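Novice: Handing you a structure now.
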Amino acid sequence: MRLVSIQRLLRRGAITNLAKMLARMHPADIANVIDHLSSLKEKREIFELVRGDVKRGQVLSELDGESITLVLSDLLPSDAAWLLKDLGSDDIAYILSVIPNDRAKEILALMRPGLVERGIAFVDNHQVRASGLAKALFERRLATRLPVLRGRAVA
């Protein structure tokens, strides 16, 4: 039902109405609509009409791999990195794993300081991994800070 309504609004050029409709929708519902649109142009138009970087990032994390690649293809790496910054490491790892490797590396390089701490890194020059690395980094950081924390607590 929403898909038909959105396609009708797109054909009519009712951008204001479409933007209002998208503002009321959940990111997963918007992603579902984008995934089911047949035209690359329609997919990009809908994604661009989503207001707010956080919501756009959430929509991106709900898209299928093909739609992610299409939507991100027109964005600058810095813009893509900005959209990903508020997502969880598993979502970021998934998104980076479905786009071309060179593009993923560009985006990751712009996000590296925060992402390495959150556990995202390239493995074997082509895969992205989240959970295991995050746990190892957290445990290492905790182990190096424990003596300091104990010293302050005792003093």
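In this note's numbering, the protein residues as written are 2 to 156.
Quick reminder that beta carbons are idealized off the backbone N, C-alpha and C, glycines included.
What you are looking at is a predicted structure, and each value in this text was computed from that prediction instead of being measured.
Under the three-state reduction of DSSP, which class applies to I100: helix, strand or coil?
Specialist: coil
Novice: Between L41 and the rest of its own chain, which residues show a CB-CB distance below 7 Å, the 5 nearest in sequence each way excluded?
Specialist: L71.
Novice: Pick out whichever of V55, K56, F48, D54 has its Cα sitting closest to the Cα of I69.
Specialist: F48
Novice: Relative to the C-alpha of P28, which candidate in L64, E107, V60, L73 has its C-alpha closest?
Specialist: V60
Novice: Have a look at G89 and I96 and give me their C-alpha separation to the nearest angstrom.
Specialist: 11 Å
Novice: Could you tell me the alpha carbon to alpha carbon distance between K21 and L85, rounded to whole angstroms?
Specialist: 23 Å
Novice: For a test of the three-state rule: what should DSSP assign to V51, helix, strand or coil?
Specialist: Three-state DSSP puts V51 in coil, outside helix and strand.
Novice: My assumption, with CB atoms under 8 Å, is that A82 sits in contact with L111. Please give the rounded CB distance.
Specialist: 4 Å
Novice: Would E67 and L11 be called neighbours here (beta carbons separated by less than 8 Å)?
Specialist: The answer is no: Cβ separation not under 8 Å.
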